[in-house]
Each structure stands twice: as structure tokens, then as C-alpha cells.
Amino acid sequence: MDKKIIVITGASGTGKTTISKYLKNTYRIPSVITHTTRLPRDGEKNGIDYYFETEDSFFKNHYLEKVEYSGHWYGSSEESLNKTWENYDAASIVVDTQGAISYKERYGENAIVIFLEVDYDTVAQRLKLRGDDHKRLISRINSDEFLRDLRIPKELEGKSYKIVNNDIEITKKKVDQIIKSEKVN
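As C-alpha cells, this is what we get:
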């Protein structure tokens, strides 16, 4: 059986991490741990939520994609994906839309892209409730990357699943349908 990577993408606050956790808890599909130079939020742990890196250590990895966002680097390494695939036939990853394009180009049919969309006001409210620093929140929701990630890129149209995530229970049911139709589990 071919290894699968479920690529979850969309703007910050659209529910990407929630869906990744749902896949893990419901289908035992682990998430590939990505790397970042930002500091951990309360409760986040190194090697579980992210590999928290220094600027120096970050650039020693081999990345499938990396991006600088709000003054910090984020990336997913080949090492982390291959390590996950050693033990599982499927994994999920949360990336921005540019990262999703890279995965689709590299893995083709084995990359199942799920684009989550929420309207701007809802996303802004979710980020505020998440406890992000106000100045950083304003900077983030006005960034070119955030505004870009609110809409599905043309490179993924017809090659991905789009879910409007206004109700998490409906979104979970749609994810269940995708897992079934793609024969992931």
C-alpha cells in the first residue's frame, strides 16, 4: 500500500490543528511534527507539538517546505515525515497553502489536501480567543500570507477537498467521508 500524507491547510484559526487531532484520535493517523523558531505557547511541548528550534538549528534540517511567518520560521522536514511513515501508512500535516502546493506537487495522488475555510471575522475572533498577543494578532491578520491563505490557491483547485469550517461537527463528518473515499483506513 502506498503511504499517504493528509495535508491540512488554510489560514490561521480555521481549525487545522483541531482536524489533525481528530484524525489522530479517531483514525490513529499521527501528525508529522513540524519545526519552528517561535517560542512554545502555554502547554506546548518540544517533540510533540513542534520541534522548537533556534535560528541556527532550524536550518540544519532538510525541508519539504519552509516559510517565515510573523517573524518566525516554520517548516516540515523529510526526516520527520519519513520517521512517521516508518510506523504508519498515513500521516497528517498542517501547513500553509504554499506548503500544501509543494506536497501536492511532490506526492501527487498520495497527498490528500484538505483546505479549511472560515470567513475573516470568525478567524479573527478564534485567534483572539486562542490567546495570541494582541499586537502579533493584528500583524498576523493583516499579513499577505494570512490573507492569501483565506482562499484556496488556483494550484489546488480540483486537486483538493475544500471544507467551510463554521461547525466542527459537520466538518468532522466531511473529513470522515474523505477518509472513506480515499481508502486511508
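Going from the sequence shown to the working numbering is simple: count from 1 and add 147.
Ideal Cβ positions, reconstructed from N, Cα and C, are used throughout, including at glycine.
Threshold first: 4 residues or longer. Then list the alpha helix (DSSP H) segments lying entirely within the region 217-264, N to C. For the alpha helix (DSSP H) assignment, the uninterrupted runs of no fewer than 4 residues enclosed by the region 217-264 are, from N- to C-terminal side, 225-234 and 244-254.
Using the C-alpha atoms, what's the distance from I299 back to V214? Each residue's alpha carbon lies about 18 Å from the other.
Please name the residue in Q324, I325 and V154 whose C-alpha comes closest to that of A238. Nearest of Q324, I325 and V154 to A238, Cα basis: V154.
Which term fits N312, buried or exposed, when burial requires 16 or more other beta carbons within 10 angstroms of its beta carbon? The residue in question, N312, is buried, as its Cβ has 16 or more Cβ neighbours within 10 Å.
Residue range of the alpha helix (DSSP H) that includes K327: Boundaries of the alpha helix (DSSP H) harbouring K327: I315 to S328, taken from the DSSP string.
If I follow the unbroken beta strand (DSSP E) through I153, where does it start and stop? Residue range K151 to T156 is occupied by the beta strand (DSSP E) that includes I153.
Comparing alpha-carbon positions, which option in N234, F262, E212 and R185 lies nearest H219? The option with the nearest alpha carbon to H219 is R185.
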